[in-house]
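Residue numbers (the working numbering): 1111 to 1607.
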């Protein structure tokens, strides 16, 4: 039955219309473009909104707490993808997951757009985390669904879709960031809400014509009896969690600090349990167990890499605001604009790296070697921040080009590690757990940001040299260790290069 449905879905989709790809790619491209516009626009000003004084329109939080909470925010977004994927697969399909997710994201931005308190911030946090968990993994799944399995345009379609993601992420800091920083944070968040609304309008207005049945059929739907039992368990579980939160908050146990620590623990425990469950499952063969062992050092390397890369929106955002010379060459630079550097460099350099790997062919580095190169670049991106401090001292403002160089280096590492990691995950995943293993890959980012939430408290202007130096050197050492172990790891991959 599932095979018949899948065939109907593929056949019902128009086969041309958007750069030689199915028309459905137009719908998904602009839905994700506007979702990323809203998310990265919000993220570009979020940390400033949290630690700026109330007189400047902010919440007036301690800067360390603000940096930790933004990291927790990102960690929970990646964790929630597991929940979003489950609801799409078992209950209402990916198309409805995208729609419901967009609604929740928009409502979250609207809550931020209304002047309020820290309580309102946490309400928005819940809405955006749940909404992104529903939308982000499932809109990518629909992209795969609009192509037949043997359609040679699939890679081209994903490349175009990936450009949409980065174009939205590139533009939003200039639009939302400028309005939010120069006029009103709440007006900036309002623009993020409008961005998500436009994405929803595009999705709803064009999905029937362009997507056909794609995304409408759950991959592994619950039966009626299973639904009743599952919803009962979810309801009871939600009630228990709500009661525990209420009691903990009333007793003074649940504070911001304990919440940050709890998410930090979950960031490590959840992927560990994933590994143990898949390794010990009778559905996993001996060859697949060997490949899972090979995946562990790659996962650890990914956590280290994303721990540095994701600080571009926290520590480096604060650095841009307080330590960088923002009047440069006669231009007044908005600190939120630095958030556009990562997507800009990816858009520019991704085709170059794709060409490079094809050009090298069998001479290209192995998967572990590419990961080690990624870690080396990530470490260097932190070490270059030390140079202006070394030459000019910690009291003077830093030339913004040093920050540009830091973002550039980490993107070189990202292009060595991120797309390669996605590919490696599909190759090394046990057949019975292919979807869960992809969730595991995204949990590397969740774990990294959960880790960041614990370590950002060590960052102060006085510890700046030590902070960037220790993390940068740690990444380089791990990268060299991974390079040395590459032949051993390659052996455990059992034929996968």
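Yeah, the Cβ is synthetic: ideal placement off N, Cα and C, and Gly gets one too. The model shown is predicted, which means the values in this text are computed figures rather than measured ones.
Task: Buried versus exposed call for residue 1122 [16 or more other C-beta atoms within 10 Å across all chains shown] - done: Counting from one through the chain shown, the residue named residue 1122 turns up at place 12. Residue placement at residue 1122 is flagged as unreliable, the pLDDT there being 44, under the threshold of 50; the coordinate-derived value follows with that caveat. Residue 1122 comes out exposed.
Task: Nearest-angstrom Cα separation, counted from residue 1239 out to residue 1232 - done: Numbered from 1 along the chain shown, position 122 holds the residue referred to as residue 1232. Numbered from 1 along the chain shown, position 129 holds the residue referred to as residue 1239. Each residue's Cα considered, the two are about 10 Å apart.
Open item on the list: In the DSSP output, what is residue 1434 paired with across the bridge?
Closed with: The residue you call residue 1434 lines up with position 324 of the chain shown. Residue 1434 is bridged to 1508.
- [ ] With residue 1189 as the anchor, note down where its alpha helix (DSSP H) starts and where it stops.
- [x] Looking up residue 1189 in the chain shown gives position 79. First-last of the alpha helix (DSSP H) with residue 1189: 1173-1197.
- [ ] Could you have a look at residue 1248 and say whether DSSP puts it in helix, strand or coil?
- [x] Within the chain shown, residue 1248 is the residue found at index 138, counting from 1. Residue state, collapsed to three classes: helix.
Task: For residue 1403, the three-state DSSP class (helix, strand or coil) - done: For the purposes of this step, residue 1403 is identified with residue 293 of the chain shown, where counting begins at 1. Of the three classes helix, strand and coil, the one that applies to residue 1403 here is helix, per DSSP.
Open item on the list: By the DSSP assignment, the alpha helix (DSSP H) with residue 1480 in it spans what residues?
Closed with: The sequence position of residue 1480 within the chain shown is 370, counting from 1. Its alpha helix (DSSP H) spans residues 1477-1493.
- [ ] Select from 1484, 1378, 1408 the residue whose C-alpha is nearest the C-alpha of residue 1562.
- [x] What you label residue 1562 is simply residue 452 of the chain shown in a count that begins at 1. Considering only alpha carbons, the answer is 1378.
Task: DSSP state of residue 1163 mapped onto helix, strand, coil - done: Numbered from 1 along the chain shown, position 53 holds the residue referred to as residue 1163. DSSP, reduced to helix, strand and coil, places residue 1163 outside both helices and strands of the structure shown, so it counts as coil.
Task: Cutoff 8 Å; reference residue 1291; Cβ partners in own chain excluding five residues on either side - done: Looking up residue 1291 in the chain shown gives position 181. Cβ within range, chain order: 1155, 1158, 1298, 1444, 1445, 1446.
Task: Backbone CA spacing between residue 1148 and residue 1243 [nearest angstrom] - done: Translated into positions along the chain shown, residue 1148 becomes position 38. Translated into positions along the chain shown, residue 1243 becomes position 133. Taking the straight line from one Cα to the other gives about 15 Å.
Task: CA nearest to the CA of residue 1314, picked from 1210, 1402, 1501 - done: Taking the first residue of the chain shown as position 1, residue 1314 is located at position 204. Nearest option by C-alpha distance: 1210.
Open item on the list: Checking 9 Å against the spacing of the C-beta atoms, do residue 1489 and residue 1594 come in under that value?
Closed with: The count along the chain shown starts at 1 and reaches residue 1489 at position 379. The count along the chain shown starts at 1 and reaches residue 1594 at position 484. Cβ distance not < 9 Å, so residue 1489 and residue 1594 don't count as in contact.
TODO: Could you tell me whether the Cβ atoms of residue 1495 and residue 1516 are closer together than 9 Å?
DONE: Here residue 1495 refers to the residue found at position 385 of the chain shown. Here residue 1516 refers to the residue found at position 406 of the chain shown. Their beta carbons are under 9 Å apart, which means residue 1495 touches residue 1516 by this criterion.
- [ ] Mark residue 1407 as exposed unless 16 or more other C-beta atoms lie within 10 angstroms of its C-beta, in which case mark it buried.
- [x] Here residue 1407 corresponds to residue number 297 of the chain shown, with the count starting at 1. Residue 1407 should be labelled buried.
TODO: Taking residue 1138 as the reference, give the member of 1163, 1247, 1166, 1153 with the closest Cα.
DONE: Start at 1 with the first residue of the chain shown, and residue 1138 comes out as number 28. Nearest of 1163, 1247, 1166, 1153 to residue 1138, Cα basis: 1247.
- [ ] Please find out if some non-hydrogen atom of the ligand GDP comes closer than 8 Å to the beta-carbon of residue 1471.
- [x] For the structure depicted, the ligand GDP is absent and the ligand set is empty, with no information on it obtainable.
TODO: Identify, in the order they occur along the chain, each residue of the same chain with its Cβ nearer than 6 Å to the Cβ of residue 1178, setting aside the five sequence neighbours on each side.
DONE: Locating residue 1178 in the chain shown gives position 68, counting from the first residue. Around residue 1178: 1370, 1563, 1566.
- [ ] Can you check DSSP and say which residues form a bridge with residue 1442?
- [x] Position 332 of the chain shown, counted from the start, is the residue given in the question as residue 1442. Residue 1442 is bridged to 1437.
Task: Proximity winner among 1305, 1200, 1452, 1427, relative to residue 1338 (alpha-carbon distances) - done: Residue mapping note: residue 1338 aligns to position 228 of the chain shown, counting from 1. Ranking the options by Cα distance to residue 1338, first place goes to 1200.
Open item on the list: Let's see if you can read the secondary structure: which residues bound the alpha helix (DSSP H) around residue 1542?
Closed with: As a working note, residue 1542 is residue 432 in the chain shown. Looking at the DSSP string, residue 1542 is not in any alpha helix (DSSP H), and its letter there is neither H nor E.
TODO: State buried or exposed for residue 1347, treating a residue as buried only when at least 16 other CB atoms are found within 10 Å of its CB.
DONE: Working through the chain shown from its first residue, we reach residue 1347 at position 237. With fewer than 16 other Cβ atoms within 10 Å, it is exposed.
Open item on the list: If you measure between the beta carbons of residue 1282 and residue 1252, is that distance less than 9 Å?
Closed with: Numbered from its first residue, the chain shown carries residue 1282 at position 172. Numbered from its first residue, the chain shown carries residue 1252 at position 142. In this structure, residue 1252 does not lie closer than 9 Å to residue 1282 by Cβ.
TODO: Measure the C-alpha to C-alpha separation of residue 1555 and residue 1132 and round it to an integer number of angstroms.
DONE: Taking the chain shown and counting its residues from 1, the one referred to as residue 1555 is at position 445. Taking the chain shown and counting its residues from 1, the one referred to as residue 1132 is at position 22. Distance between the alpha carbons of residue 1555 and residue 1132 is about 31 Å.
Task: With 16 other Cβ atoms within 10 Å as the buried cut-off, status of residue 1401 - done: As a first step, residue 1401 must be located in the chain shown, where it is residue number 291. So residue 1401 counts as buried.
Task: Buried or exposed (CB count within 10 angstroms, at least 16 for buried), residue 1431 - done: On the chain shown, residue 1431 is found 321 positions in, with the first residue counted as 1. With 16 or more Cβ atoms within 10 Å of its Cβ, residue 1431 is classed as buried.
Open item on the list: Among 1529, 1410, 1366, whose alpha-carbon lies nearest the alpha-carbon of residue 1382?
Closed with: Mapped onto the chain shown, residue 1382 falls at position 272. Out of 1529, 1410, 1366, 1410 has the C-alpha closest to the C-alpha of residue 1382.
Task: Whole-angstrom distance between residue 1426 and residue 1324, CA atom to CA atom - done: Within the chain shown, the letter at position 214 stands for residue 1324. Within the chain shown, the letter at position 316 stands for residue 1426. Looking at the two C-alpha atoms, the distance is approximately 40 Å.
Open item on the list: Would residue 1575 and residue 1499 be called neighbours here (beta carbons separated by less than 9 Å)?
Closed with: As a first step, residue 1575 must be located in the chain shown, where it is residue number 465. As a first step, residue 1499 must be located in the chain shown, where it is residue number 389. Yes, the Cβ-Cβ distance between residue 1575 and residue 1499 is below 9 Å.
Task: Three-state class that DSSP yields for residue 1474 in the structure shown - done: By one-based count along the chain shown, residue 1474 stands at place 364. It is coil, neither helix nor strand.
Task: Reduced DSSP secondary structure (H/G/I, E/B, other) of residue 1381 - done: Against the chain shown, residue 1381 aligns to sequence position 271. Looking at residue 1381 - three-state DSSP - the assignment turns out to be helix.
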